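Visitor: I'd like to ask some things about the structure below.
Number of protein chains: 2
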Amino acid sequence: MKLRLTVSFQTDQGERFFGEGPYRLLMGVEELHSLRASAQSMGMAYTKAFRMIKNAEAGLGFPLLERSVGGKGGGGSTLTARGKELLRRYGAYRISLDHMVEQLYQECFSGFLPAASSDYRGKEPGENHSH
Amino acid sequence: MKLRLTVSFQTDQGERFFGEGPYRLLMGVEELHSLRASAQSMGMAYTKAFRMIKNAEAGLGFPLLERSVGGKGGGGSTLTARGKELLRRYGAYRISLDHMVEQLYQECFSGFLPAASSDYRGKEPGENHSH
DNA sequence: TATCGTTATACTTATAAAAGCATAACGAAG
DNA sequence: CTTCGTTATGCTTTTATAAGTATAACGATA
Numbered sequence: 004m005k006l007r008l009t010v011s012f013q014t015d016q017g018e019r020f021f022g023e024g025p026y027r028l029l030m031g032v033e034e035l036h037s038l039r040a041s042a043q044s045m046g047m048a049y050t051k052a053f054r055m056i057k058n059a060e061a062g063l064g065f066p067l068l069e070r071s072v073g074g075k076g077g078g079g080s081t082l083t084a085r086g087k088e089l090l091r092r093y094g095a096y097r098i099s100l101d102h103m104v105e106q107l108y109q110e111c112f113s114g115f116l117p118a119a120s121s122d123y124r125g126k127e128p129g130e131n132h133s134h
Numbered sequence: 004m005k006l007r008l009t010v011s012f013q014t015d016q017g018e019r020f021f022g023e024g025p026y027r028l029l030m031g032v033e034e035l036h037s038l039r040a041s042a043q044s045m046g047m048a049y050t051k052a053f054r055m056i057k058n059a060e061a062g063l064g065f066p067l068l069e070r071s072v073g074g075k076g077g078g079g080s081t082l083t084a085r086g087k088e089l090l091r092r093y094g095a096y097r098i099s100l101d102h103m104v105e106q107l108y109q110e111c112f113s114g115f116l117p118a119a120s121s122d123y124r125g126k127e128p129g130e131n132h133s134h
């Protein structure tokens, strides 16, 4: 048995704009200096990656990527300073959360339900659809 | 800005079988002594409610409802002892979790992102679909 | 033994979300 | 001034999930 935890940021109107999906995608951009390359590296369509980032930037209110288009190599994207800081903070957040969820489960269900390990997934776009 | 948190129990194969949806549905059964009545009271189709419970029982490995079919009034459903205990424990779990998520957000994002209130939703079936 | 409202279940339809396709714009380098 | 691989977007297609329809079985009561 597993615990499925998902946390995401959403607007007051309920529109989700940031979570595990964008997080992983941005981690890839930081490493590969390219949104397309990052999307490909995780089997995601570029169009979807693009929409995710655009959506996230709209929700957050500040740019995450510094893009350059054209030129040698076609261009690329790198993280803005705030984008990098967001990744650092979000990474810490989700790890702490993961621990808390698991520990609290033990406190609340120990002896009543089987032990469970937390299976963190942002459930934001970009995950494998295996059905 | 809001935090959207969802926790659900799933099998090792990733099939979700319990969360906020079944929880609320069962709370209604406890009050109304009828699965159909509980489903209706929250605008859910009975067929869906039935599937949810069946699914939950399969995943948990023990029965949640004691059903009686036929007879005066057509029958009805009440919670089993374990079913009741599950509700009590799950209720405590999600409330603690809600607090934790909010507090941790403050610790991790204070001064970087706007304050956010936790918007707990099981995202299990049974929610309104307004799009 | 006819009635009534429930549980139980298969099958179909509708809706939302994800994924994919096609194409334009860009600009440094050769 | 051509090429290349990227960013940028609209539009279509596919898939997954939710919701709905229809119908059977049940059994205490009158």
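These protein sequence lines are chains A and B, in that order.
Start counting the first sequence at 4; every next residue gets the next number (this note's numbering).
Start counting the second sequence at 4; every next residue gets the next number (this note's numbering).
Beta carbons are placed, not taken as given, at the ideal position from N, Cα and C, and that holds for glycine.
What you are looking at is a predicted structure, and each value in this text was computed from that prediction instead of being measured.
Tell me, please, whether the CB atom of residue 13 (chain B) is closer than 7 Å to any CB atom in chain A?
Guide: Closer than 7 Å to some Cβ of chain A, the Cβ of residue 13 (chain B) qualifies, so yes.
Visitor: Check each residue of the region 76 to 87 of chain A: if its Cβ is closer than 7 Å to any Cβ of chain B, include it; give the result in chain order.
Guide: Of all residues in the region 76 to 87 of chain A, none has a Cβ within less than 7 Å of some Cβ in chain B.
Visitor: Out of B:15, B:56, B:111, point me to the one whose CA is closest to residue 30 (chain B)'s CA.
Guide: Nearest option by C-alpha distance: B:56.
Visitor: Listing by chain order, which chain B residues have their CB less than 8 Å from the CB of residue 5 (chain A)?
Guide: Chain B residues near residue 5 (chain A): 12, 13, 14, 15, 17.
Visitor: Give me whichever residues DSSP pairs with residue 21 (chain A) in a beta bridge.
Guide: Its beta-bridge partners are A:12.
Visitor: Please determine if the region 11 to 23 of chain A and the region 115 to 122 of chain A are in contact, where contact requires at least 3 C-beta pairs separated by less than 8 Å.
Guide: No contact exists between the region 11 to 23 of chain A and the region 115 to 122 of chain A.
Visitor: Where residue 133 (chain B) and residue 14 (chain A) are concerned, what is the direct C-alpha to C-alpha distance, given to the nearest angstrom?
Guide: Any reading at residue 133 (chain B) is ruled out, since the residue's pLDDT is 36, under 50, leaving its predicted position unreliable.
Visitor: For residue 107 (chain B), would you say it is in contact with chain A, using Cβ-to-Cβ distances shorter than 7 Å as the test?
Guide: Chain A contact via Cβ: present.
Visitor: Which residues in chain A have a C-beta closer than 8 Å to the C-beta of residue 96 (chain B)? List them in chain order.
Guide: Those are 107, 108, 111, 112, listed as they occur along chain A.
Visitor: Apart from the five residues just before and just after residue 90 (chain B), which ones in its own chain have a Cβ nearer than 8 Å to its Cβ?
Guide: 26, 29, 30, 33, 82.
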